[in-house]
Amino acid sequence: LLLTQGVLMNTLAKVQEGHPFVLSENDLRIVVSSMLRKELEIFRIQDGFIAIFDRLQFYSQTTDETSGFDHAWILIMGERGSENDMSFLGLSDLYLEIGFAASRSKSPTAFIGKYTTLLVDLLFSFRVTLNSEEQFRKAVQFYSDHRGELDCMYLNGIINKEEIFNEKRND
C-alpha cells in the first residue's frame, strides 16, 4: 500500500479511465467496518434460521460464509490472507467467534458493533506491524483481553500450547 499525504492508495483497485481509485484511511475504515458488521448480522440471522429450520444453505459458494473478512484483509493489507499465516487464521477465527458469540449476547447488535470496531482497529494496526509474528501476538493479546466473551478453538489451542511450553521451560 502506498501512503501519500495521509491518503491510502489501494494497490488492488482497478484503474478506471486512467484514474486510480483512492480512499482515505477513514473512508476505508468505514467501508470495512460496515462490510464486516453487515456480514456478521447476516451470519446471526442465518444462525437463527438454522436453529428453527435445522438446515439451510445461504451461500452460493461455501467460501462466501466469511468472504467479508477475506475482503477486509485484502483491502487493508493489500494482499490475500494465507492459510499459512497464523495472524490471518487467528483473526479469521476471532471473526467467526464474534458471529457466534453475538447470538449468546443479551444485545447482539451492540455486541457486533463493539467487536467489529475493535477488530477493524486491530486489522489497521497490522498495517504498521510488518512482522507476522508480532501481528499474531497482537491477535492473541486481543483474544486474551476479551476471553470472557469470546471462545475461539484455534486460539485456545495456541494459547494452551504456549502455556504448556512455558511451564516446561520454567521447570
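For the sequence shown, my numbering gives the first residue as 114, with consecutive numbering after it. Even glycine gets a Cβ: it sits at the ideal position worked out from N, Cα and C. Small disclaimer: the values here were computed from a predicted structure and weren't measured.
Rounding to the nearest angstrom, what Cα-Cα distance links residue i and residue j in this structure?
i, j, result
"Ile158", "Glu210", "15 Å"
"Glu246", "Glu138", "24 Å"
"Leu164", "Ser216", "First, the residue type needs correcting, since residue 164 is Ala and not Leu in the sequence shown. Going from the Cα of Ala164 to the Cα of Ser216 covers about 11 Å."
"Ile272", "Val253", "8 Å"
"Leu257", "Ser200", "Note that residue 257 is Ser in the sequence shown, not Leu. Computed Cα separation, rounded: 14 Å."
"Gln129", "Gln248", "Reliability of the predicted coordinates at Gln129 is poor, the pLDDT of 41 falling under 50, and no value is obtained from them."
"Leu141", "Phe237", "10 Å"
"Arg193", "Phe166", "35 Å"
"Tyr267", "Arg250", "14 Å"
Mind checking residue i: buried by the 16 CB within 10 Å criterion, or exposed?
i, result
"Phe182", "buried"
"Leu121", "Residue placement at Leu121 is flagged as unreliable, the pLDDT there being 39, under the threshold of 50; the coordinate-derived value follows with that caveat. Buried, since its Cβ has 16 or more Cβ neighbours within 10 Å."
"Ser195", "exposed"
"Ser147", "exposed"
"Val145", "buried"
"Phe255", "buried"
Where does residue i sit, in a helix, a strand or coil, going by DSSP?
i, result
"Ser218", "coil"
"Leu136", "strand"
"His259", "coil"
"Thr229", "helix"
"Thr124", "For Thr124, the pLDDT reaches just 40, beneath the cut-off of 50, and the residue's location in the model is therefore unreliable, although a value from the coordinates is still provided. Thr124 falls in the coil class under three-state DSSP."
"Gly191", "coil"
Quick check on this structure: which residue in the options has the alpha carbon closest to the alpha carbon of residue i?
i, options, result
"Asn244", "Ile225, Asp234 and Asp198", "Asp198"
"Trp186", "Ser218, Leu231, Arg240 and Arg260", "Arg240"
"Ile189", "Ile143, Gly270 and Lys251", "Ile143"
"Leu149", "Arg260, Phe255 and Tyr228", "Tyr228"
"Leu263", "Val233, Leu236, Arg250 and Phe213", "Phe213"
"Thr179", "Gly161, Ile155 and Phe162", "Ile155"
Compute the beta-carbon to beta-carbon distance between residue i and residue j, rounded to the nearest angstrom, for a pair I have assumed lies under 8 Å.
i, j, result
"Leu202", "Cys265", "Not confirmed; about 10 Å, so no contact."
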